[in-house]
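Participant: I have a structure I would like to understand better, so I am pasting it below and will then ask my questions one at a time.
Written as structure tokens, this is what we have:
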């Protein structure tokens, strides 16, 4: 049987700027090159604001990615992207340029990985030009629901975690945007989403949010990110104590690095004051327990982009680093290739994000290397890490609760080994591409048979 | 007897002294005659034709000039055919006694005002100037000239010569007279709205007279509306008499017998009972319709609630003519089709657009999932023509993406909600019209067909409205009813169950209602045309809908509410609200002024129905009298 074509559309190419969703999408594309039934084509938005360089050749908005035959940049130079609505205002971007690409490749399946900076109208143009094509859309994050970069953390009530949107609630977060405008935004996005045959959510958390928002539950399914096999699993040294903790991620407030450093500070204070740090989940009664002081917890912080953060956050971060200098090592930026060697000196990975986290890749990384995870007890984190099974939960945004979890992790004999044992095998890319291939074929069959 | 006296012996026949071209197609002739009247026949004679002319003549009664009675004659002459009129002549009288005089060269565009004025100074005897001036400016109404400016200039020049002037008013606190003209506004070419103030420290004013640039005189007393002017009172605080009436301000709408087109030159004269007077020059005439409308609307604030004189006598006549001017010349400047249009659509959806064009994309993003919209006609009518380029860009950009066929109509000028709908209705091909605001977004497909079906199966229906929702699923519209405002002076349009949830049982009853909003209203196209469309008397989109429903009721048609069709109406998004606030008061007053008795009957029947129950159909008010203005009734309480 003739191979069919699947087009992947993404908002960025990982060779321009690294990022979780684009890295996954690109790995999927490369894995699909091995498929016997689908030929993949990758179309990544090029140019600003993600990339620094725009359109390469006059007269065309397309250019191959570094001379690769099946990867293209799609430039948007000269077109305005309306970030609020998620649309390019000059519609001939779709009806002329995107259409010409679709007509050239005539993909059987168009799988959107992201439409940021390209616009939701991309979906409609696929349906216009290729009425028989199957349209798949992976919802990596919550931008279609939440105008605050999809964080679902409110600007009011002390950065309250947002449970659901409504025109009124959104207007409370953005006082200069009317509820009516938020209503129209939602209707606009949903009008284009109407044309998608199958949504994919990489976490149950995302799936639930989107069903609550209005995507019919029979058109969305859970399908985790498939991961390529880890080339070199970081060995775990044979040590009697497991007191080495690691943070991997952006050094931003949303990632909760300050919560983690505050927890480290509490632990140090408790020790210096000869206080007894309680073990196990925190409760008032523990303060009175008279346990031995356990081994000191050590933390290594791996991460970058501190320079992009607001000044007061930078200051807070530096102050906390100084205050915890005896227990905390600031490693700084790292390459993905370095992960095995960095993990080698780590027992636990801490994910202290103060927002939901959609489907955090760092947890998959930690699990791939057999490291249990200590994480906030909400959203995609709580879903991927089972408390006291594959890691430990602590109360989101609560340094005292995190300190208690770290203390427990560092001092409870046999805990690390038990949790490590329970870590499931990481969902591999091969299974993932098989699932997706089956999905594509089902959808094409359904479209063909009406 | 001196030689000169001999020479001045009355002549036996009619003499022509001067022929003045006072406009391209109008002549002023002067001369003397022994008779009390001029011959009745005045003709325009060329080599090939003779045309009898419409004319107007004045023979001064007293033959106080030594050579006979002075006479003046004005006549409109046929257009210049290109020969400069050199071969034409005017013939006064007939037969052997007829007098003939050549028509002056018409190749010069501008009348020779200097010689006209110089001649009139000598030709018009003292004491007759006012009479000649009055006679002359009345002629203006007869001119058919396409360029009335030159005539106005001629008449203004004449006025400047012949008018008896009063001292120009000096604004000093101790002066006997104070007079100021703050605003002269042209509602149309014969209707002027004047505003200013006057004070007389001596005898009360005997007259307050407005003189148009062309010399027309309009007496403002006692008609003018007088109102308190705090700033003037302050100016005269030191020397005002204790009992002095501080209503120095005056507002008056005057109607001239002939058009006035000159941009400046209005004068107001104030003369007291002792015959002492002053005059004041008015500012340049405000002629911009939109600006004029706003200025007049602002003045409504001078009237106390419950009073009517200012609005009925001065504001409404001016506003009616401003609205008329706005709509008189308005039409479709351009029509474009996007996509193949249905040949014989059942329904035309009319969506007026005003500035906020981004709604088009939002509507199309919903209409695209409803085949009924594509099967019918969708007409966007742009009422802010300055946005034409934006609309064309939008339309050419959006159509290839959404593929919902539509037409765009660009209005020749901003005419307001009613005018935009009326123009669109005249272009619509659908058998029914569905008026839809641009900020109305359907909740789900199928609404057009459901409305058309209900309309067809409901005998006696005139207008059909539906359930409209806010973005939080509260009711924006479930039918309108009438209620007197708190001070009892006017009726307001109230929204049934506004703010309650869309599921509220009372809002889910299909029934006749007193009125529905035009934000989403279906009406038969022929019926709409027979009713004359939406009223353009209201300013800027307010009360046209209930006015329309009241007219339907008078002709025995019912207005129905259909709750099974639900759309969102993101009210307050279509228009900036600044203008709204200024105009609502006036529109509400006008609505009451026009419909008080009808509303009274309909409201009584509506309120008689127990709350929460379905009231009987409101009585169809059948009366054959025209909607003449009348004073509002005595206040009644809202609960009565």
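Residue numbers (our numbering), protein chains in the order written: chain Y, 21 to 470; chain C, 4 to 643. Just so it is clear, CB atoms sit at the ideal spot from N, CA and C, and this is done for glycine as well.
Could you tell me the boundaries of the beta strand (DSSP E) in which residue 560(C) lies?
Facilitator: Segment: none, residue 560(C) is in no beta strand (DSSP E) and carries neither H nor E.
Participant: Would the C-beta of residue 463(C) count as close to the ligand MN, meaning under 6 Å from any of its heavy atoms?
Facilitator: Here there are no bound small molecules, and the ligand MN is not part of this structure.
Participant: Which residues in the same chain as residue 55(Y) place their Cβ atom closer than 7 Å to its Cβ, once the five residues preceding and following it in sequence are excluded?
Facilitator: If we look at residue 55(Y) and ignore the five residues flanking it on each side, its Cβ neighbours are 453 and 457.
Participant: Taking 7 Å as the limit between beta carbons, can you name the residues of its chain near residue 205(Y), skipping five residues before and five after?
Facilitator: 104 and 105.
Participant: Using DSSP with H/G/I as helix, E/B as strand and the rest coil, what is residue 305(C)?
Facilitator: Reduced to three states, the DSSP call for residue 305(C) is helix.
Participant: Closer than 7 Å by C-beta to residue 360(C): which residues in its own chain qualify, once you throw out the five before and the five after it? Chain order, please.
Facilitator: For residue 360(C), where only same-chain residues beyond five positions count, the Cβ hits under 7 Å are 390, 393, 394 and 397.
Participant: Which residue wins for smallest C-alpha separation from residue 598(C), given the options 498(C), 532(C), 473(C) and 493(C)?
Facilitator: Among 498(C), 532(C), 473(C) and 493(C), the Cα nearest to that of residue 598(C) is on 493(C).
Participant: Report the three-state DSSP secondary structure of residue 420(C) (helix, strand or coil).
Facilitator: Helix at residue 420(C).
Participant: Please confirm whether residue 152(C) and residue 268(C) have their CB atoms less than 7 Å apart.
Facilitator: It is not a contact, given that the beta carbons lie outside the stated cut-off.
Participant: Take the Cβ of residue 20(Y) as the centre, count every other Cβ of all protein chains shown within 10 Å, and call the residue buried at 16 or more, exposed below.
Facilitator: Because chain Y in this structure spans residues 21 to 470, residue 20(Y) falls outside the shown range and cannot be described.
Participant: From which residue to which residue does the alpha helix (DSSP H) around residue 142(Y) run?
Facilitator: Where residue 142(Y) is concerned, the enclosing alpha helix (DSSP H) stretches over 141–149.
Participant: Let me see if you follow: with CB-CB separation under 7 Å, is residue 120(Y) close to chain C or not?
Facilitator: No - not a single Cβ of chain C is within 7 Å of the one on residue 120(Y).
Participant: Which residues bound the alpha helix (DSSP H) around residue 452(Y)?
Facilitator: Per DSSP, residue 452(Y) belongs to the alpha helix (DSSP H) from 449–469.
Participant: Which residue's Cα is closest to the Cα of residue 333(C): 312(C), 343(C) and 388(C)?
Facilitator: Taking only the C-alpha atoms, the option nearest residue 333(C) is 388(C).
Participant: To which residues does DSSP link residue 338(C) through a beta bridge?
Facilitator: The partner list for residue 338(C) (beta bridge, DSSP) reads 412(C).
Participant: Using a Cβ cut-off of 7 Å, which residues of the stretch 204–226 of chain Y contact any Cβ in chain C, in chain order?
Facilitator: Cβ contacts with chain C come from 204, 207, 208, 211 and 214.
Participant: Within 10 angstroms of the Cβ of residue 338(C), are there 16 or more other Cβ atoms? Answer buried if so, exposed if not.
Facilitator: Counting Cβ neighbours within 10 Å, residue 338(C) comes out exposed, since fewer than 16 surround it.
Participant: Ignoring anything shorter than 3 residues or poking outside the stretch 517–541 of chain C, list the beta strand (DSSP E) runs there in chain order.
Facilitator: DSSP runs (the beta strand (DSSP E)) wholly in the stretch 517–541 of chain C: 523–527.
Participant: Quick check: the Cα distance between residue 207(Y) and residue 67(Y), rounded to an integer number of angstroms?
Facilitator: Taking the straight line joining both Cα atoms gives about 29 Å.
Participant: Report the option in 441(Y), 149(Y) and 193(Y) whose CA atom is closest to the CA atom of residue 177(Y).
Facilitator: It is 193(Y).
Participant: Going along the chain, which residues of its own chain have a beta-carbon closer than 7 Å to the beta-carbon of residue 299(Y), five neighbours each way excluded?
Facilitator: In this predicted model, residue 299(Y) has a pLDDT of only 49, less than 50, meaning its place in the structure is not dependable enough to derive any value.
Participant: Using the C-alpha atoms, what's the distance from residue 432(C) back to residue 542(C)?
Facilitator: When rounded, the distance between both Cα atoms is 28 Å.
Participant: Roughly how many angstroms lie between the CA atoms of residue 218(Y) and residue 347(Y), to the nearest whole one?
Facilitator: Roughly 48 Å between the two C-alpha positions.
Participant: Within the continuous alpha helix (DSSP H) that includes residue 31(Y), where are the two ends?
Facilitator: From DSSP, residue 31(Y) is part of no alpha helix (DSSP H); its letter is neither H nor E.
Participant: Determine, using beta carbons only, whether residue 451(C) and residue 350(C) come nearer to each other than 7 Å.
Facilitator: Result yes, Cβ atoms of residue 451(C) and residue 350(C) sit closer than 7 Å.
Participant: Between residue 472(Y) and chain C, is any beta-carbon pair separated by less than 7 Å?
Facilitator: Chain Y is shown from 21 up to 470; residue 472(Y) falls before or after that span and cannot be answered.
Participant: Could you say which of 574(C), 178(C), 21(C) and 251(C) lies nearest to residue 234(C) if we only look at CA atoms?
Facilitator: Taking only the C-alpha atoms, the option nearest residue 234(C) is 251(C).
Participant: With a 10 Å radius around its C-beta and 16 neighbouring C-beta atoms as the bar for buried, classify residue 619(C) as buried or exposed.
Facilitator: Residue confidence is low: residue 619(C) scores 46 on pLDDT, short of 50, so the model does not pin down where it sits. No coordinate-derived value is stated.
Participant: Between the stretch 389–404 of chain C and chain Y, which residues of the former have a C-beta closer than 7 Å to a C-beta of the latter?
Facilitator: So the list reads 400, 401, 403 and 404, given in the order they occur along the chain.
Participant: Below 8 Å on the Cβ atoms is my contact criterion, and I expect residue 483(C) with residue 353(C) to pass it. Report the Cβ-Cβ distance as a whole number of Å.
Facilitator: Not quite, the Cβ-Cβ distance comes to about 20 Å (not below 8 Å), so this is no contact.
Participant: Taking C-alpha atoms, which residue in 184(Y), 123(Y), 356(Y) and 374(Y) lies nearest to residue 278(Y)?
Facilitator: When each option's Cα is compared against that of residue 278(Y), the closest is 374(Y).
Participant: With distances taken Cα to Cα, identify the nearest neighbour of residue 398(Y) among 27(Y), 362(Y), 409(Y) and 372(Y).
Facilitator: Out of 27(Y), 362(Y), 409(Y) and 372(Y), 372(Y) has the C-alpha closest to the C-alpha of residue 398(Y).
Participant: Classify residue 242(C) as buried or exposed, calling it buried when 16 or more other Cβ atoms lie within 10 Å of its own Cβ.
Facilitator: It is exposed - the Cβ of residue 242(C) has fewer than 16 other Cβ atoms within 10 Å.
Participant: When the Cα of residue 317(Y) is compared with those of 366(Y), 117(Y) and 25(Y), which residue comes out closest?
Facilitator: Minimum Cα distance to residue 317(Y) is reached at 366(Y).
Participant: Can you pull the chain Y neighbours of residue 453(C), defined as C-beta to C-beta under 9 Å?
Facilitator: Those within 9 Å of residue 453(C) in chain Y number zero; the least Cβ separation is about 20 Å.
Participant: For residue 198(C), does the count of other Cβ atoms within 10 angstroms reach 16, so buried, or fall short, so exposed?
Facilitator: The residue is buried, with at least 16 neighbouring Cβ atoms inside 10 Å.
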